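First the structure, in the form of structure tokens, and then the observations on it.
Numbering (our numbering), first residue to last: -5 to 219.
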């Protein structure tokens, strides 16, 4: 149960535990204390959100789009064209800070339609992030992990996940054909990153640039009625 609350692989847990035991048995108490503090710090960085449970509702939220991560709203744009996700879209750019819980969650109950991975050098990713409008107009696909999702209303939702300059490549657990309910954990972004959410034009943003958002709780957009 202890290991289920972190994104750390079991191998890392075992290595830390072995190192702590060996340093204690070898009477290397300074190293023993150092390893304990390092383990606690790394465990905190890779902590896993515990609010999601089987009691979370899966229906009745077709017109609501929840935040796929914990972090901040960096940008909101309308009328965006994307080579993979379509045209005239609402785009919400989110940042997962370095020390934030790094989980990635489904914004609605969806089917996974496409899963695309396009890797690039980090300095190139940073330049892409700084001039997103120009890239969108050219209809080029940004680098990163791209997920095409279809919700229960048949609408297409796009998720694009990029690592930042100091973070690692995002880990994603889903594949085309998978189904997931709203708020299901589908991966994590080690040491932070950026998530771009693309929605059909009939959605209205319910957040503003600079807002703090929380997975499971913050509603990013709703359907125009």
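Just so it is clear, CB atoms sit at the ideal spot from N, CA and C, and this is done for glycine as well.
Predicted model only: the values in this text are computed from it and were never measured.
Which residues DSSP lists as bridging residue i, in chain order
| i | result |
| --- | --- |
| residue 181 | 98 and 166 |
| residue 105 | 144 and 173 |
| residue 0 | 41 |
| residue 66 | 89 and 206 |
| residue 192 | 85 and 152 |
| residue 213 | 60 |
Nearest candidate by alpha-carbon position, reference residue i, set the options
| i | options | result |
| --- | --- | --- |
| residue 138 | 147, 144, 150 and 156 | 156 |
| residue 178 | 158, 112, 38 and 103 | 103 |
| residue 196 | 182, 57, 146 and 166 | 57 |
| residue 10 | 23, 109, 32 and 21 | 32 |
| residue 162 | 183, 168 and 172 | 183 |
| residue 87 | 62, 20 and 217 | 62 |
| residue 100 | 15, 112, 146 and 201 | 146 |
| residue 187 | 22, 65, 158 and 111 | 158 |
Alpha carbon of residue i to alpha carbon of residue j, nearest angstrom
| i | j | result |
| --- | --- | --- |
| residue 153 | residue 175 | 15 Å |
| residue 83 | residue 106 | 19 Å |
| residue 151 | residue 143 | 5 Å |
| residue 134 | residue 27 | With a pLDDT of only 47 at residue 134, under 50, the local geometry of the prediction cannot be trusted, and the value read off the model is given with reservation. Rounded to the nearest angstrom, the two C-alpha atoms are 50 Å apart. |
| residue 25 | residue 17 | 6 Å |
| residue 70 | residue 140 | 18 Å |
| residue 67 | residue 148 | 26 Å |
| residue 7 | residue 34 | 11 Å |
| residue 212 | residue 93 | 19 Å |
| residue 181 | residue 79 | 21 Å |
Rounded Cβ spacing between residue i and residue j (contact assumed at less than 8 Å)
| i | j | result |
| --- | --- | --- |
| residue 207 | residue 214 | 7 Å |
| residue 40 | residue 5 | At roughly 13 Å, the Cβ-Cβ gap does not stay under 8 Å, so residue 40 and residue 5 are not in contact. |
| residue 13 | residue 2 | Contact flag wrong, Cβ pair sits at about 14 Å. |
| residue 209 | residue 97 | 6 Å |
With contact counted as at least three CB pairs below 8 Å, one residue from each stretch, are the segment 190 to 200 and the segment 62 to 75 in contact?
-> yes
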